[in-house]
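Beneath this line is the structure, given in structure tokens, with notes to follow.
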Amino acid sequence: LSGVVGADTMATGSSWAWKPIARDALFARAYHSCDVVQGKLLLFGGLKSGEPKEPPLGDMVAFDPTLLTAETVGPNGGDRRSHHDTAVLANRWLCVVGGWDGAHRISAVCCWDTERGQWERWAEGPSNDPPVGLSSHTCTKVSEHELRVVGREGGLRTQRRFASIYTLRVNPATKTYWYKEEESRTASRAGHSAMLLRDTGGYQLVVFGGRDSSDCEVAGRWGKGKIHLESIHAPKMTEQLSHLVGSENGSRQAPKGLRHQSCTVVGPFAVAFGGETLTKGRDTICNDLYVYDTRCSPPSWFRFPCSDRGQKRVGHRTCLWNDKLYLVGGFGPDGKTPCPEICVLEIP
Numbered sequence: 001l002s003g004v005v006g007a008d009t010m011a012t013g014s015s016w017a018w019k020p021i022a023r024d025a026l027f028a029r030a031y032h033s034c035d036v037v038q039g040k041l042l043l044f045g046g047l048k049s050g051e052p053k054e055p056p057l058g059d060m061v062a063f064d065p066t067l068l069t070a071e072t073v074g075p076n077g078g079d080r081r082s083h084h085d086t087a088v089l090a091n092r093w094l095c096v097v098g099g100w101d102g103a104h105r106i107s108a109v110c111c112w113d114t115e116r117g118q119w120e121r122w123a124e125g126p127s128n129d130p131p132v133g134l135s136s137h138t139c140t141k142v143s144e145h146e147l148r149v150v151g152r153e154g155g156l157r158t159q160r161r162f163a164s165i166y167t168l169r170v171n172p173a174t175k176t177y178w179y180k181e182e183e184s185r186t187a188s189r190a191g192h193s194a195m196l197l198r199d200t201g202g203y204q205l206v207v208f209g210g211r212d213s214s215d216c217e218v219a220g221r222w223g224k225g226k227i228h229l230e231s232i233h234a235p236k237m238t239e240q241l242s243h244l245v246g247s248e249n250g251s252r253q254a255p256k257g258l259r260h261q262s263c264t265v266v267g268p269f270a271v272a273f274g275g276e277t278l279t280k281g282r283d284t285i286c287n288d289l290y291v292y293d294t295r296c297s298p299p300s301w302f303r304f305p306c307s308d309r310g311q312k313r314v315g316h317r318t319c320l321w322n323d324k325l326y327l328v329g330g331f332g333p334d335g336k337t338p339c340p341e342i343c344v345l346e347i348p
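The structure is reproduced here in structure tokens:
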């Protein structure tokens, strides 16, 4: 059952809170994707439980943040995915890249056309050089025709190696895609985050997490004329984050050994939340809020803990829309029970 959630159930940190605004069984999933398309949050795929044999979901759910209503716009059939990543093209196509289909890690691309309300099967271009399979990777939009793919799932041996970086070219007009492996590499990562951030010369893609270290790495650099993205206007949230970090001392070290956290860029900041720590053997699900401040050089990390165990999340997503940061789904403190809520971040 869906419904609006009252403010009295707010989970409070020292100076911030996740305020539940809607509750629906359709939101109860983890390792899904969540993107804003034409003013609605589109949730796709993910897992309903921590059972390893349970297949991923294949449904598409639309949440209207104005009306606080949810509906299934794509049935649970066809393409099933978890641990995938997505990019929105021309505010119309939801481009789903790689993921786990219940049997294999794949690198194929499929697209949901929001105007037609149907899936499109895209074909590989003639020069396609794809990764073997992708899951727990990141896929970052650089332009309407170029995405940058970093990392993938692997065993402990993989953690000792380097990971390839791929440029993924996409063409909605011809419904084709092709991968090209870049010469540069990063340390092997899975369940990490990627942040496309402005710097003095243009933009750089910074990755963190997904391995047992606190290192940040640059996985791509572009000049000002190469990036063709509309910056999301969030003046209120940017001001609130500025006040939040203003009273704290930052660190140059990223969160150590964190994976499957959420991360969203808000103006000159990036906001990361939750995830699973690799530094402990038990009680591994986290509920800390991290803010990455790029206004100073070098940038600084700020950690804001939360005392409410109920707000622990892993495999969740955050989305920025209309000057609000939304928290969607994820497994809770036990790492296997999905949360059926959508919350917004409140910073008094």
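Residues 1 to 348, numbered by UniProt numbering, are exactly what the sequence shown covers, in order.
Ideal Cβ positions, reconstructed from N, Cα and C, are used throughout, including at glycine.
Between which two residues does the alpha helix (DSSP H) holding GLN240 run? Residue numbering aside, residue 240 sits at position 240 when the sequence shown is read from its first letter. Unbroken alpha helix (DSSP H) run through GLN240: 235-246.
Going by C-alpha to C-alpha distance, which of THR72, THR186, GLY201 sits closest to GLY223? Residue numbering aside, residue 223 sits at position 223 when the sequence shown is read from its first letter. The option with the nearest alpha carbon to GLY223 is GLY201.
Distance, Cα to Cα, TYR166 vs ASP212? The residue given as residue 166 occupies position 166 in the sequence shown. The residue given as residue 212 occupies position 212 in the sequence shown. Taking the straight line joining both Cα atoms gives about 23 Å.
Could you please give the first and the last residue of the uninterrupted beta strand (DSSP E) stretch that includes ASP113? Here residue 113 corresponds to residue number 113 of the sequence shown, with the count starting at 1. Per DSSP, ASP113 belongs to the beta strand (DSSP E) from 105-113.
Touch test, the stretch 298-317 against the stretch 327-344, Cβ-Cβ under 8 Å, three pairs minimum: yes
Just the C-alpha distance for VAL245 and CYS286, rounded to the nearest angstrom, thanks. Counting from one through the sequence shown, the residue named residue 245 turns up at place 245. Counting from one through the sequence shown, the residue named residue 286 turns up at place 286. Cα to Cα, VAL245 sits roughly 20 Å from CYS286.
Rounded straight-line distance, which links the Cα of TRP18 to that of ASP308: Your numbering for residue 308 matches position 308 in the sequence shown. Your numbering for residue 18 matches position 18 in the sequence shown. The alpha-carbon atoms of ASP308 and TRP18 are separated by roughly 10 Å.
Which residue or residues does DSSP assign as beta-bridge partners of PRO20? Here residue 20 refers to the residue found at position 20 when the sequence shown is read from its first residue. Answer is CYS343.
GLY310 to GLY39, Cα distance in whole Å? In the sequence shown, residue 310 corresponds to position 310, counting from 1. In the sequence shown, residue 39 corresponds to position 39, counting from 1. Those two C-alpha atoms are separated by around 29 Å.
Excluding the 5 residues preceding and the 5 following GLN253 in the sequence, name in chain order all residues of the same chain whose CB lies nearer than 8 Å to its CB. By one-based count along the sequence shown, residue 253 stands at place 253. Excluding sequence neighbours, GLN253 sits near SER214, TRP301.
So the candidates are GLU115, TYR203, GLY225, SER262; which of them puts its Cα closest to the Cα of TYR290? Translated into positions along the sequence shown, residue 290 becomes position 290. Nearest Cα to TYR290 within the set GLU115, TYR203, GLY225, SER262: SER262.
Expressed to the nearest angstrom, what Euclidean distance is found between the alpha-carbon atoms of GLY117 and ARG282? For the purposes of this step, residue 117 is identified with residue 117 of the sequence shown, where counting begins at 1. For the purposes of this step, residue 282 is identified with residue 282 of the sequence shown, where counting begins at 1. If I take the Cα positions, the gap works out to 43 Å.
If you follow the beta strand (DSSP E) that GLY223 is part of, which residue opens it and which one closes it? Position 223 of the sequence shown holds residue 223. Its beta strand (DSSP E) spans residues 217-223.
Segment contact flag, the stretch 134-144 with the stretch 184-198, C-beta cutoff 8 Å, min 3 pairs: yes
Grouping DSSP H, G and I as helix and E and B as strand, with all else coil, what is GLY310? Taking the sequence shown and counting its residues from 1, the one referred to as residue 310 is at position 310. Note: GLY310 maps to helix in three-state DSSP.
Work out the CA separation of PHE304 and THR284 for me, nearest whole Å. As a position in the sequence shown, residue 284 is number 284, starting the count at 1. As a position in the sequence shown, residue 304 is number 304, starting the count at 1. Cα to Cα, THR284 sits roughly 17 Å from PHE304.
Tell me whether the beta-carbon of ARG46 lies closer than 8 Å to the beta-carbon of ARG29. Counted from its first residue, the sequence shown places residue 46 at position 46. Counted from its first residue, the sequence shown places residue 29 at position 29. The amino acid at residue 46 is misidentified as Arg; the sequence shows Gly. The Cβ atoms of GLY46 and ARG29 lie closer than 8 Å to each other.
Where the beta strand (DSSP E) through ARG148 begins and ends: Position 148 of the sequence shown holds residue 148. From DSSP, the beta strand (DSSP E) with ARG148 extends over 146-150.
If you measure between the beta carbons of PRO348 and SER15, is that distance less than 8 Å? For the purposes of this step, residue 348 is identified with residue 348 of the sequence shown, where counting begins at 1. For the purposes of this step, residue 15 is identified with residue 15 of the sequence shown, where counting begins at 1. Yes, the pair counts as a contact, with Cβ atoms nearer than the cut-off.
The beta strand (DSSP E) spanning THR138 covers which residue range? Position 138 of the sequence shown holds residue 138. 138-143 is the extent of the beta strand (DSSP E) around THR138.
Within the same chain, show all residues whose beta-carbon is closer than 6 Å to that of LEU26, passing over the 5 residues directly before and after it, in chain order. Residue numbering aside, residue 26 sits at position 26 when the sequence shown is read from its first letter. Closer than 6 Å at the Cβ level, and outside the excluded window around LEU26, lie VAL61, ALA70.
Would you say the stretch 169-184 touches the stretch 265-273, given that touching needs at least three Cβ pairs under 8 Å? no
In angstroms, rounded to a whole number, what distance separates the CA positions of GLU276 and GLY210? Residue 276 sits at position 276 when you count from the first residue of the sequence shown. Residue 210 sits at position 210 when you count from the first residue of the sequence shown. Approximately 9 Å between the Cα atoms of the pair.
So if DSSP puts GLN118 in a beta bridge, which residue, or which two residues, is it bridged to? On the sequence shown, position 118 is the one that residue 118 refers to. Note: GLN118 is bridge-paired with ASP113 in the DSSP secondary-structure output.
Is ASP199 near the ligand PLP - that is, is its Cβ less than 7 Å away from at least one heavy atom of it? Ligands are entirely absent from the displayed structure, and the ligand PLP is therefore not among its contents.
Leaving out five residues before and five after PRO55 in sequence, what residues of the same chain have Cβ atoms less than 7 Å from its Cβ? The residue you call residue 55 lines up with position 55 of the sequence shown. Excluding residues within five positions, the ones whose Cβ falls inside 7 Å are ARG80, GLY102.
Contact set for ASN237: own chain, Cβ-Cβ below 6 Å, skip 5 residues either direction: As a first step, residue 237 must be located in the sequence shown, where it is residue number 237. Here the sequence assigns Met to residue 237, which means Asn is not the residue at that position. The answer, listed in chain order, is VAL266, ASP323.
If I follow the unbroken beta strand (DSSP E) through THR264, where does it start and stop? For the purposes of this step, residue 264 is taken as residue 264 along the sequence shown, with counting starting at 1. THR264 -> beta strand (DSSP E) spans 262-266.
Taking the alpha-carbon positions, what's the ALA7 to GLU346 distance? What you label residue 7 is simply residue 7 of the sequence shown in a count that begins at 1. What you label residue 346 is simply residue 346 of the sequence shown in a count that begins at 1. For ALA7, the pLDDT reaches just 34, beneath the cut-off of 50, and the residue's location in the model is therefore unreliable, although a value from the coordinates is still provided. Using only the alpha carbons, I get a separation of about 11 Å.
Comparing alpha-carbon positions, which option in GLY250, ASP293, ARG259 lies nearest THR279? Here residue 279 refers to the residue found at position 279 of the sequence shown. For THR279, the nearest C-alpha among the options comes from ARG259.
Report yes if the CB atom of GLY98 is closer than 8 Å to the CB atom of ASP85, and no otherwise. Here residue 98 corresponds to residue number 98 of the sequence shown, with the count starting at 1. Here residue 85 corresponds to residue number 85 of the sequence shown, with the count starting at 1. Yes.
To the nearest angstrom, how far is the alpha carbon of HIS233 from that of SER127? Walking along the sequence shown from the start, residue 233 turns up at place 233. Walking along the sequence shown from the start, residue 127 turns up at place 127. Distance between the alpha carbons of HIS233 and SER127 is about 37 Å.
Report the residue from VAL206, LEU89, GLU239 whose alpha carbon sits nearest the alpha carbon of PRO299. For the purposes of this step, residue 299 is taken as the residue at position 299 of the sequence shown. Nearest C-alpha to PRO299: VAL206.
Taking SER213 as part of the beta strand (DSSP E), name the residues at either end of that continuous run. Taking the sequence shown and counting its residues from 1, one reaches residue 213 at position 213. Run containing SER213: none; DSSP gives neither H nor E here.
According to DSSP, which residues form a beta bridge with THR167? If you number the sequence shown from 1, residue 167 lands on position 167. THR167 is bridged to ARG148, LYS180.
Could you name the residues that DSSP lists as bridge partners for LEU327? Taking the first residue of the sequence shown as 1, we reach residue 327 at position 327. BP columns for LEU327 point to THR318, CYS343.
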